[in-house]
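Here is the structure we will look at.
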Amino acid sequence: MSRITIDPITRIEGHLRVEIEVEDGVIREARCSGALYRGIERILEGRHPLDAQRITTRICGVCPLAHSTAASLCLDDALGLSPPRNGQLLRNLIYGANYLHNHVLHFYHLALPDYLPARALPGALSPGTDEDRRTFREETQELAEHYLEALEMRRKAQELVALFGGKMPHDMSIVPGGVTYRPTLGEVAAFRFRLREIVGFIEGTYIPDLLLLAERYHDYFELGKVGNLLTFGCFPLEGERLFPAGAILGGEYMPLDPGEIREGISHSWYSGDGAVPPWEEEVEPDPDKEGGYSWIKSPRYRGEPCEVGPAARVAVALQVGPQEFREIAGDLLREAGASPGALSSAMGRHLARGIEALFIARAMERWLSELDLSAPVAVEYRIPVEGRGEGLTDAPRGALGHWIRIQGKRIAHYQVISPTTWNASPRDERGVPGPIEQALQGTRVQGDGILEAGRIVRSFDPCLACAIQ
Ligand code: NFE
Numbered sequence: 000m001s002r003i004t005i006d007p008i009t010r011i012e013g014h015l016r017v018e019i020e021v022e023d024g025v026i027r028e029a030r031c032s033g034a035l036y037r038g039i040e041r042i043l044e045g046r047h048p049l050d051a052q053r054i055t056t057r058i059c060g061v062c063p064l065a066h067s068t069a070a071s072l073c074l075d076d077a078l079g080l081s082p083p084r085n086g087q088l089l090r091n092l093i094y095g096a097n098y099l100h101n102h103v104l105h106f107y108h109l110a111l112p113d114y115l116p117a118r119a120l121p122g123a124l125s126p127g128t129d130e131d132r133r134t135f136r137e138e139t140q141e142l143a144e145h146y147l148e149a150l151e152m153r154r155k156a157q158e159l160v161a162l163f164g165g166k167m168p169h170d171m172s173i174v175p176g177g178v179t180y181r182p183t184l185g186e187v188a189a190f191r192f193r194l195r196e197i198v199g200f201i202e203g204t205y206i207p208d209l210l211l212l213a214e215r216y217h218d219y220f221e222l223g224k225v226g227n228l229l230t231f232g233c234f235p236l237e238g239e240r241l242f243p244a245g246a247i248l249g250g251e252y253m254p255l256d257p258g259e260i261r262e263g264i265s266h267s268w269y270s271g272d273g274a275v276p277p278w279e280e281e282v283e284p285d286p287d288k289e290g291g292y293s294w295i296k297s298p299r300y301r302g303e304p305c306e307v308g309p310a311a312r313v314a315v316a317l318q319v320g321p322q323e324f325r326e327i328a329g330d331l332l333r334e335a336g337a338s339p340g341a342l343s344s345a346m347g348r349h350l351a352r353g354i355e356a357l358f359i360a361r362a363m364e365r366w367l368s369e370l371d372l373s374a375p376v377a378v379e380y381r382i383p384v385e386g387r388g389e390g391l392t393d394a395p396r397g398a399l400g401h402w403i404r405i406q407g408k409r410i411a412h413y414q415v416i417s418p419t420t421w422n423a424s425p426r427d428e429r430g431v432p433g434p435i436e437q438a439l440q441g442t443r444v445q446g447d448g449i450l451e452a453g454r455i456v457r458s459f460d461p462c463l464a465c466a467i468q
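Structure (structure tokens):
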């Protein structure tokens, strides 16, 4: 038996350590460990409730809009606010741009180095191996050119955020009650122009590249599978979400019941044990805790570990999403020769990101045309003396929740459970491994397992800055 530690395993927002034990060509045991503590929830205690939105957006520079959105939904709930339609559209447009940036970033700059020879991608953080590279030289060259073109697309997507959100990262616009800024006609035109270019890139470059990779590495639709899927849904408009919320447990779809969310700490470096609802969590760091092996906690839904992210969103939307989505997803799954059951796999997650990037980009074009530049974008608010709120959305990497309790017009308690917390969680109080650990365990590997483990773990696009608060 060999034991290998890969630390850090991520190419972005580091600090994820993965340990695998390989015996007879199979990963028998896997442990995921988050190696930093942040304390952002503690910083919020005693502050003005509106600080929650400004501070939590700084949890992460990759998905700040996710936290901006979740915090605003959380405060909308606590303050009893319903943003006007225009405000909802603008929130979705700003947040959608962050999604597009994320998915292009992940496919080209974080995942492709796992599949192309290191020398083909100048400047890429390579995994240090050229093993198992399956594209022909001309294809490799073309993908390397697209790798550079993707940098330009990411710049344009960030400009979209800045156009309506003020700046990127850490927008100034998404706030409780709506948004702070009503764009001018010129800004809408600038947004439309850039968005069209990004849609063209997704349709003409990203999707074909994705399908090429899916063909060459088709066996990766069988690797890195997880059982249960969970999504909070995202992009609300007039009470409906573009991606619906829901869970698939044991292969069966069920609507989301947020009352079934618990977060455990039995193998995390915090004092205490047991799993509690997010509003009731009160924990102290305990780096010497016996049995602890991560700063990441263990969120569970109905007591089960759940994979969150693109595979969950696409699988749920295939069951209860709009017809237009089912057509896009059905076509691309067919072209890739994959079934919906293969979405939760190393290659399935990449495919799911491509499917939703296309769907979100087209929805953004529609939302843009629905903006009314003379209508209000926000409602007024008053801070209650007491209250509590819940803000659930899906970040690019999966289900994201913010919870607030207000007392004496101040934050008494704030809780964040991020997508990577779900995916990279350690074992729970029953000893059940977290989703990434499950995805690794039982995988047949060619050599020491580093190649397969890297491809599987990175397919989740883990972000450790988000995973630990
Ligand atoms: Ni730091 Fe994030 C996303 C959130 S991942 S990137 O997407 O929330 O846990």
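Numbering that gives the first Met the number 0 puts the first residue of the sequence shown at 0, with every later residue one more than the last.
No residue lacks a Cβ here, since even glycine has one placed at the ideal position from N, Cα and C.
Source: prediction; values computed, not measured.
CA nearest to the CA of residue i, picked from the options
i, options, result
"Val21", "Arg41, Leu332, Leu450 and Arg457", "Leu450"
"Val275", "Lys288, Tyr269, Ser293 and Pro298", "Pro298"
"Ile260", "Pro395, Trp278 and Asn101", "Trp278"
"Ala466", "Leu391, Met0 and His14", "His14"
"Val456", "Met0, Asp6 and Gln157", "Asp6"
"Asp23", "Pro461, Ala452 and Gly448", "Gly448"
"Val160", "Leu64, Arg215, Glu196 and Gly250", "Leu64"
"Ser424", "Thr68, Pro304, Tyr107 and Val178", "Pro304"
"Phe234", "Ala96, Ala328, Leu49 and Ala119", "Ala96"
"Gln440", "Thr9, Glu28, Ala149 and Arg325", "Glu28"
"Ala377", "Ser32, Leu89, Ile11 and Gln468", "Leu89"
"Lys288", "Gly302, Asp272 and Arg301", "Asp272"
"Pro375", "Thr179, Pro461 and Gly199", "Thr179"
"Cys31", "Ile11, Leu147 and Ile19", "Ile19"
"Gly388", "Ala328, Asp371 and Gln406", "Gln406"
"Leu99", "Met363, Leu399, Gln87 and Glu138", "Met363"
"Asp471", "Arg333, Gly38, Arg132 and Pro321", "Because the chain spans 0 through 468 in this model, residue 471 falls outside it and cannot be assessed."
"Ala341", "Ala438, Lys408, Gly291 and Arg404", "Ala438"
"Ile435", "Asp460, Ala360 and Leu236", "Asp460"
Buried or exposed by the 16-neighbour rule on C-beta atoms within 10 Å, applied to residue i
i, result
"Glu281", "exposed"
"His47", "exposed"
"Phe135", "exposed"
"Gln140", "exposed"
"Asp256", "exposed"
"Tyr94", "buried"
"Thr183", "exposed"
"Leu372", "exposed"
"Arg426", "buried"
"Glu251", "exposed"
"Ser270", "exposed"
"Gln87", "buried"
"Thr9", "buried"
"Ser1", "exposed"
"Pro254", "exposed"
"Arg130", "Correcting the residue type first, residue 130 is Glu in the shown sequence and not Arg. Classification for Glu130: exposed."
Whole-Å CB distance - residue i paired with residue j, under 8 Å assumed
i, j, result
"Gly308", "Arg193", "Their Cβ separation, rounded to whole angstroms, is 26 Å, which puts Gly308 and Arg193 out of contact at 8 Å."
"Leu357", "Pro339", "Actually they do not touch by this definition, with Cβ atoms about 17 Å apart."
"Leu43", "Tyr380", "Not really, about 18 Å apart at Cβ, beyond 8 Å."
"Leu78", "Gly390", "Actually they are not in contact, since the Cβ atoms of Leu78 and Gly390 sit about 11 Å apart, beyond 8 Å."
"Ile26", "Ala464", "Between Ala464 and Ile26 the Cβ distance is about 26 Å, and since that is not below 8 Å, they are no contact."
"Ile416", "Ala51", "Their Cβ separation, rounded to whole angstroms, is 15 Å, which puts Ile416 and Ala51 out of contact at 8 Å."
"Ala335", "Leu228", "Going by Cβ atoms, the distance from Ala335 to Leu228 rounds to 19 Å, so no, they are not a contact pair."
"Leu82", "Gly165", "Note that residue 82 is Pro in the sequence shown here, rather than Leu. Not really, about 17 Å apart at Cβ, beyond 8 Å."
"Ile173", "Ser67", "4 Å"
"Ala472", "Ala310", "Only positions 0 to 468 of the chain appear in this structure, which leaves residue 472 out of reach."
"Ile247", "Thr420", "Incorrect: roughly 19 Å between the Cβ atoms, too far for contact."
"His145", "Asp208", "6 Å"
"Leu120", "Ala143", "6 Å"
"Val61", "Glu12", "6 Å"
"Ala337", "Ile354", "With 8 Å as the limit, Ala337 and Ile354 do not qualify as a contact, their Cβ atoms being about 11 Å apart."
"Arg84", "Glu239", "Rounded, the Cβ-Cβ distance is 12 Å, inconsistent with contact."
Counterpart residues of residue i in DSSP-defined beta bridges
i, result
"Tyr300", "Ile260 and Glu303"
"Trp402", "Glu389 and Gln414"
"Leu222", "Leu222 pairs with nothing; no bridge assigned."
"Met253", "Ala246"
"Pro284", "Tyr269"
"Ala29", "Ile19"
"Ile5", "Val17"
"Ala394", "Gly397"
"Arg240", "Pro235"
"Ile173", "Val178"
"Ser343", "According to DSSP, Ser343 bridges with nothing at all."
- Touching by the beta-carbon criterion (3+ pairs, under 8 Å), the segment 365 to 374 and the segment 153 to 170: no
- When the Cβ atoms of the segment 417 to 431 are set against those of the segment 250 to 269, are three or more pairs found closer than 8 Å? yes
- Assess, as a yes-or-no matter, whether the segment 218 to 226 is touched by the segment 344 to 351 under the definition of 3 or more beta carbon pairs within less than 8 Å. yes
- Should the segment 178 to 187 be called in touch with the segment 235 to 253, which here means at least 3 C-beta pairs below 8 Å? no
- Message: Across the segment 144 to 162 and the segment 102 to 117, are there enough close Cβ pairs to call them in contact, namely three or more that are closer than 8 Å?
- Response: yes
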